[in-house]
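Written below as structure tokens is the structure these notes are about.
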């Protein structure tokens, strides 16, 4: 593959991922209004899952880790081990904000910066919430 094709593929990835992030954000806002809506729960889960997979393909470990944390919370909500209460919605919205911040700093060469101290603290809070919901350490992130 030549450099032009690689840039085009990466640009398409960025555009698609931006749409997924927007869908994730809108889904969480909808979930906040109707926390038991199964379709919204499934949509938010799928957005987080897709973003996790797409970013993993491009080696964006920070965004992947944040998306995985959101996906895991949504998985707990889907299977009834957790409810989408205001605290959990806040955690998920925080995850979306951190994903957007990290995603906006992806360099033209396709690399991302390191997680900030705030993002690391956020992940620790997510891990705690997952453990409270019966998750294991390996499953958390």
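Numbering (my numbering), first residue to last: -12 to 128. All C-beta atoms, glycine included, are put in the ideal place defined by N, C-alpha and C.
Using a 10 Å radius around the Cβ and a threshold of 16 neighbouring Cβ atoms, would you call residue i buried or exposed?
i           : result
residue 4   : buried
residue 14  : buried
residue 49  : buried
residue 2   : exposed
residue 115 : exposed
residue -9  : exposed
Under the three-state reduction of DSSP, which class applies to residue i: helix, strand or coil?
i           : result
residue 125 : For residue 125, the pLDDT reaches just 47, beneath the cut-off of 50, and the residue's location in the model is therefore unreliable, leaving the point undetermined.
residue 70  : coil
residue 103 : coil
residue 32  : helix
residue 91  : coil
residue 115 : helix
residue 98  : coil
residue 47  : coil
residue 24  : coil
With distances taken from CA atoms, which of the options is nearest residue i?
i           : options             : result
residue 23  : -4, 61 and 0        : 61
residue 119 : 41, -10, 59 and 28  : 59
residue 102 : 94, 115, 114 and 88 : 88
residue 32  : 54, 41 and 19       : 54
residue 69  : -1, -6, 86 and 113  : 113
Could you check whether residue j and residue i sit closer than 9 angstroms to each other, using their CB atoms as the reference points?
i          : j           : result
residue 79 : residue 117 : no
contact_flag[the region 7 to 18, the region 26 to 43] where n(CB pairs < 8 angstroms) is 3 or more: yes
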